[in-house]
Structures are given as structure tokens and as C-alpha cells.
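K.L.:
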Amino acid sequence: MATTTIPAQAAEGNPALTARVAAVWHVLLALAGAGVLFTLFQTTWPREWLRIAALAVVAAWVPLNVYAAVMLVQRKHAGRAFSVILNYLGLTGFVLAALNAAGVFLGLDVVGDRFRSQVFWLSGVMIGFLIGGVGDSYSHDPSFQRTLHRIGNGLMLGSIAAMLLLMGALQGLFFVLTQLLTPNGLLLLAGALLFGLMFWAVFRPQSAAYFGATSRDSEMLSGYMFIAPNLLGFVLFFAGPLLFSLYLSLTNSDGFTAAFVGIRNYVDIFSLDFAQLQESGQRASTVLQARYVELTRFSLFGSDYIIGAKDKQFWIALGNTAIFCLFTTLLAVVPPLLIANILNTKIPGMQFFRAIYFIPSIAGVVGVAVIWKWLYNSNVGFLNYGLSAMVGVLNVIPGLNLPPPDIAWLSSQQTALLSIIIMAAWQLLGFNTILFLAGLQGIPGEVYEAAEIDGATGAQRFRSMTLPLLAPTTIFVVTTTLISTLQVFSEVVVMTPPPGGGPNNATLTSVLYLYQRGFKDFQQGYSAAVAWVLFFFIFLITLAQLRISRRYSDA
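Read in the working numbering, the sequence shown has 651 at position 187, and its numbers run on one by one without any break.
#1: What is the DSSP secondary structure of GLY676, reduced to helix, strand or coil?
#2: Any chance the stretch 791–806 sits against the stretch 881–892, with 3 or more Cβ pairs inside 8 Å?
#3: If we count the other Cβ atoms within 10 Å of its Cβ and call it buried at 16 or more, is THR721 buried or exposed?
#4: With a threshold of 16 other CB atoms inside 10 Å of the CB of ARG1011, please say whether the residue is buried or exposed.
#5: Return the CA-CA distance between VAL994 and ARG755, expressed in angstroms with no decimal places.
#6: Starting from LEU759, trace the beta strand (DSSP E) in both directions and tell me its first and last residue.
#7: Report yes if the CB atom of LEU976 is closer than 7 Å to the CB atom of VAL997, and no otherwise.
#8: Please name the residue, chosen from LEU807, PRO812, ILE771, PRO824, that lies closest to ARG818 on a Cα-to-Cα basis.
#9: By how many angstroms is the C-alpha of VAL941 removed from the C-alpha of THR973?
#10: Kindly identify the DSSP beta-bridge partner or partners of ASP737.
#11: Nearest by alpha-carbon distance to PHE999: which of ARG614, SER948, SER763 is it?
#12: Does at least one heavy atom of the ligand PLP sit under 6 Å from the Cβ of GLY922?
#13: Taking only runs that begin and end inside the stretch 787–860, name each unbroken beta strand (DSSP E) of 3 or more residues, in chain order.
#14: Can you tell me whether SER749 is buried or exposed? The criterion is at least 16 other CB atoms within 10 Å of its CB, across all chains shown.
#15: Could you compute how far the alpha carbon of ASP600 sits from the alpha carbon of VAL583?
#16: Pick from GLN643, GLY922, ALA498: whose alpha carbon is nearest that of LEU802?
#17: Exposed or buried, which one is GLN980 when buried takes at least 16 other CB atoms within 10 Å?
#18: Return the Cβ separation of GLY576 and GLY636 in integer angstroms, given the expectation that the two are a contact with Cβ distance under 8 Å.
#19: Would you identify the three-state DSSP class for THR944, choosing helix, strand or coil?
#20: Using a Cβ-Cβ cut-off of 8 Å (strictly less than) and excluding sequence neighbours within five positions of GLN643, which residues of its own chain qualify?
#21: Quick one: what does DSSP say PHE724 is sitting in, helix, strand or coil?
#22: Within the same chain, show all residues whose beta-carbon is closer than 7 Å to that of ALA532, passing over the 5 residues directly before and after it, in chain order.
#23: Along the chain, which unbroken stretches of the alpha helix (DSSP H) at least 4 residues long are found entirely within the stretch 594–648?
#24: Within the same chain, show all residues whose beta-carbon is closer than 8 Å to that of GLY775, passing over the 5 residues directly before and after it, in chain order.
#25: Nearest to VAL757 by alpha carbon, out of GLU743, GLY766, ALA739, SER744?
#26: Per DSSP, THR785 forms a beta bridge with which residues?
#27: Specify whether the stretch 850–868 and the stretch 922–937 touch according to this definition: at least 3 beta carbon pairs, one from each stretch, less than 8 Å apart.
#28: Quick one: what does DSSP say SER928 is sitting in, helix, strand or coil?
#29: Does the count of Cβ pairs from the stretch 696–706 and the stretch 518–537 closer than 8 Å reach three?
#30: Would you tell me roughly how many angstroms separate the C-alpha atoms of LEU714 and GLY989, rounded to the nearest one?
#31: Rounded C-beta distance between VAL526 and GLY497? I'm assuming under 8 Å.
#32: Just reading off the alpha helix (DSSP H) that TRP489 is part of, what are its end residues?
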């Protein structure tokens, strides 16, 4: 790709002075950061993790500003790039701080409450839009068309204005302005203004030409500025909390205080104790170490053994999650594959059935779980009612007297997890069917025609052609289904009594367990460690999927 230097005539407006001012500005920012860093070292905060996070940010801020100042003095484009980025971050920080000081973020809750009471005004917007749309059809009468457009636009603007006035937009705007005119608000606005001016001065084309920026450099920097809001949101709301949870997993945090404990949480999670029993009924406390609870017993070569764990519930949750993943994946992969083969035929009405099968996938998990909870009700649920009706029909047969079924779907340890598996597989069925259908439609029809000419039966074509050619799609479906089932949470919370996981931990899953430890027992450090263990398992599955996919793509 060819690169060109920005024309010299763009370098008007004394960019040399701009570079010197920017260098001094970054030196001042570095000195201010050093002062803040010194203060942070000398003070203690109620929440130590906040102080550590602030130390990390300021510790990175100081050298970056020094580097930007040095590069600016040397007229290198890297200095301009770093200056733009640092000023953008400063501008964003001061703007957000000013909005927070003005109460804008807290006011969003008030706006939401008032919006619900005034939402009917949006009907005026819709009517105005429809009137404008009708006006578009009167192109043969421009005068009448303009009249309809004016009526439609006026109705839309009037409805929006009325809604905003009744929601208290003017009062809210006045409140925000009064808060910004306080000393703190004015200070934050001044900081935002300074960062904004420096950002504009360094980013403009005159500065780019002065620093010898090529067209590629300018395009790259502009591209980064375009993705900066999304990238900043990713760092603040995803990467930042992710790293913080890793730190939290190394502490005994209860949400208020946190002391560093290293990997003790991880050791407690995986700590197991194996012991041989003298007799099958021997008490666990007589053979297991202190703090270990019986997990399971088994016999091997005529001897009885016991396994104890420091965290019994973690292993129960892990076992339930493994069972849930295995059977849900089977039920959400094999039937969709067969259904997709049926839907791939040219039978009339297949388009309708494709839409019908996909509907459960777009429904909300909570809503679906509530409906299935009603279906599973042992007294008035439709499942038991339907089974009772079937038994009644069968009992008409002479000599047959089957008892009416009374299955406690969600109240029995034997059926609770199975009930949730059936519901989850039903909801995943439609989406996986569409994925398999897309894979089937990507297989050339000539392949099947050649096999049919060679005399291959339908079963032979499916086994020897469809399955191998559909392998990449199958791997993708299996992997995504496994990852989603490893994170099962909402279904269990909605379908089982609070705090979830019942009866007797029969439906306790890993995500629900870490939620209970973190927000019910307030052991957030331990909960974060459980979350990272689950992340490790998901990462291994994803890595295996990538390796298998690469093997098939290379074949």
C-alpha cells in the first residue's frame, strides 16, 4: 500500500508552537500525575483495591506523558499519536466526571420512570410518520405533498416536545446547569475544555503535516479515534472488571474488605482427600482430615474407599453441570440435525416450519422458564394432565389398570435436573436446526446426484457424505452448545425455589453456585476464584474446538 506525506501547505497556523505547547502540557500532566502517585502511596483507602487500581492507572499515566513530551520535542509522529490518545482519555474522563457531578447518571432513573408514564406521546410520532409516508405517494401533486409532510413533521416534533416537557426536561436541564456552575462543576468543565483544545490542536491536519505524518499514519489514527468509544467501553466494562475479578480471586473479599491470600481459594476449591475405610459404614470424620466433608464412597477390588472435599458443593455443582452439558448437548444436537435434513427437502410448507422451529430461540429465557415451570406443575401442569389422559385411554384395554402418573418434575431429586435439561434442549433446538440447515445448503447438490447415480441409499448418503461434509458445522454447534450450557443460570433460578439449586442441590450448577457464594454468603473472593475455574474449563473447550476445526480445514 503506497503512502504519501500530507501536503506542506496544510502545515499553516504555526504548528511548531503547537508542538512546544503540547510538550509542555504533557510535562505538566506528568508532574501532576507524579504528585497524585505520591499522595496515593501516603494514604489509605477504605477499599484497598480501589487504591491499587488508581495506582496502576496513574503509574501508567506518568511515563506515557513523559514519552509523548519527548517524542513531540523530537518531531516524531509517535509523539503526536500518543498526545492525541492521552488528550482523548483526559477529555473523556473530565466529561464523564462533569456529567456525574451534575447528577446526569442518577437522573437517568428518573427519566426512565417518567418515560413510562408519557410513552403514549410516541403514538403521535408514529401517526406523523405515517402521514409523511402517505405524502410521499402524492408526487403528482407537489403542493399537497408538501402540506402532508409539514403536518407529519409538525405532529412528530410537537409530540416529542410535549413528551419532553411533561417529563420535566426543562427542570432537569436547569438542574444540570446549576450543578455545572458550582466550583467543582466549573473546574471539571475547565479540565474538559483544556483537554479538548489540546486534542484538537494536535489532531488537526496542520500538526499532522508538521510531524511528517503519512496518509497511512493519519488514516490509522483516525480509525483508532472512530473505534475509541467502543474500545474504551470494552476496557472499562469488560477487560477492566475481568482483571479485577482475577485480583479478587486472590483475596478473601467480602465486598467491603479484602486481604490478599494468594492461591488459597483455588487450593480450597480443588482440595480432595482419599481414604480407605475399615468397614462400609465407617463415619467419614474418623478417616478424613479436618475441614473435609464426605463427597462420595465407592468400592474397588473388594475394598471400600471414601473421597472428601473441602468444598463439597463445588464438586456437586460441577457434576450437575457436567451432566447438564452432556445430555443437553445430545438433545440439542442430534434432533436438530435430523430435523434440518427434513427441512432441507423441497416439500411444500417447509418455510413455515423453519420459522416455527426458530421461535423458541428468540424467546426470553426467563419467560420460557416460567412457562415450563407451569407445565411441570405436579398438580395442575399440562404434562401430568396429558400423561393422565394417555393412561386413561390405555386403561380402556381389558386387563390393563395403570395408576395415574403423579410425577413431581421439579420437586424430586431424580427428575429436577432432567426437567431443566428438557427445557434447555427445547429452546436450543430451533437455533441449532437453522445452523445445521445452513450447513446442509452449503453442500453442493451434485455430490448427492453422483452418489444417487452410483446406487447409494438415503442412509448411506447421510452416513458417508452428509456427516463428513457437515463436520465443521457440527463442531461449531457442539462447541457453542457446550459453552452455553456450562453457563446455565437463569433456568435454574427461575424454575427452582429460592435461592435455587434445589431440591437438595440436585440442580445446583457452577454459575449458580458462584452467585450464591458471592452474593448470598458474601464470599466474593472465593466466588471470583470459582468463576475463573469455570472460565478455564470453557477456554479448554474453545481451544479444543479451534484445533479440531483447523484439522478439518487443513484436510
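For glycine and all other residues, C-beta sits at the position ideal for the given N, C-alpha and C.
P.N.:
On the basis of the supplied data:
#1: As a position in the sequence shown, residue 676 is number 212, starting the count at 1. Of the three classes helix, strand and coil, the one that applies to GLY676 here is coil, per DSSP.
#2: yes
#3: As a working mapping, residue 721 is identified with position 257 in the sequence shown. Exposed is the call here.
#4: Residue 1011 sits at position 547 when you count from the first residue of the sequence shown. Exposed.
#5: As a working mapping, residue 994 is identified with position 530 in the sequence shown. As a working mapping, residue 755 is identified with position 291 in the sequence shown. Each residue's alpha carbon lies about 19 Å from the other.
#6: Taking the first residue of the sequence shown as position 1, residue 759 is located at position 295. 757–764 is the span of the beta strand (DSSP E), which, as asked, contains LEU759.
#7: Residue mapping note: residue 976 aligns to position 512 of the sequence shown, counting from 1. Residue mapping note: residue 997 aligns to position 533 of the sequence shown, counting from 1. No, the pair does not count as a contact, with Cβ atoms beyond the cut-off.
#8: Taking the first residue of the sequence shown as position 1, residue 818 is located at position 354. Here the closest residue by C-alpha is LEU807.
#9: Against the sequence shown, residue 973 aligns to sequence position 509. Against the sequence shown, residue 941 aligns to sequence position 477. Cα to Cα, THR973 sits roughly 22 Å from VAL941.
#10: Indexing the sequence shown from 1 puts residue 737 at position 273. DSSP, once it has assigned bridges, lists GLY772 as partnering ASP737.
#11: Here residue 999 refers to the residue found at position 535 when the sequence shown is read from its first residue. Selected option, being the one with the closest Cα: SER948.
#12: For the ligand PLP, the structure offers nothing, since it holds no ligand at all.
#13: none
#14: In the sequence shown, counting from the first residue as 1, residue 749 sits at position 285. The residue is exposed, with fewer than 16 neighbouring Cβ atoms inside 10 Å.
#15: As a position in the sequence shown, residue 600 is number 136, starting the count at 1. As a position in the sequence shown, residue 583 is number 119, starting the count at 1. Taking the straight line joining both Cα atoms gives about 27 Å.
#16: Counting from one through the sequence shown, the residue named residue 802 turns up at place 338. The candidate whose alpha carbon is nearest that of LEU802 is GLY922.
#17: Within the sequence shown, residue 980 is the residue found at index 516, counting from 1. Result: buried.
#18: Taking the first residue of the sequence shown as 1, we reach residue 576 at position 112. Taking the first residue of the sequence shown as 1, we reach residue 636 at position 172. No, GLY576 and GLY636 are not in contact; Cβ-Cβ is about 13 Å, not under 8 Å.
#19: Position 480 of the sequence shown, counting from 1, holds the residue named residue 944. Residue state, collapsed to three classes: helix.
#20: Here residue 643 refers to the residue found at position 179 when the sequence shown is read from its first residue. Once the five neighbours on either side are set aside, the close Cβ partners of GLN643 are ALA565, ALA566, GLY567, GLY649.
#21: By one-based count along the sequence shown, residue 724 stands at place 260. Strand, per DSSP.
#22: Position 68 of the sequence shown holds residue 532. If we look at ALA532 and ignore the five residues flanking it on each side, its Cβ neighbours are HIS490, GLY543, PHE546, SER547, LEU550.
#23: 606–630, 633–644
#24: By 1-based counting over the sequence shown, the position of residue 775 is 311. The sequence as given places Asp at residue 775; Gly does not occur at that position. The residues are ASP732, ILE733, SER735.
#25: Looking up residue 757 in the sequence shown gives position 293. Of the candidates GLU743, GLY766, ALA739, SER744, the one whose C-alpha sits nearest the C-alpha of VAL757 is ALA739.
#26: Residue 785 sits at position 321 when you count from the first residue of the sequence shown. DSSP lists no partner for THR785.
#27: no
#28: As a working note, residue 928 is residue 464 in the sequence shown. Residue state, collapsed to three classes: helix.
#29: no
#30: Along the sequence shown, read from residue 1 onward, the residue named residue 714 stands at position 250. Along the sequence shown, read from residue 1 onward, the residue named residue 989 stands at position 525. Taking the straight line joining both Cα atoms gives about 7 Å.
#31: Sequence index remark: in the sequence shown, residue 526 carries index 62 (1-based). Sequence index remark: in the sequence shown, residue 497 carries index 33 (1-based). With 8 Å as the limit, VAL526 and GLY497 qualify as a contact, their Cβ atoms being about 4 Å apart.
#32: To locate residue 489, count along the sequence shown from 1; it is residue 25. Start and end: 479–506.
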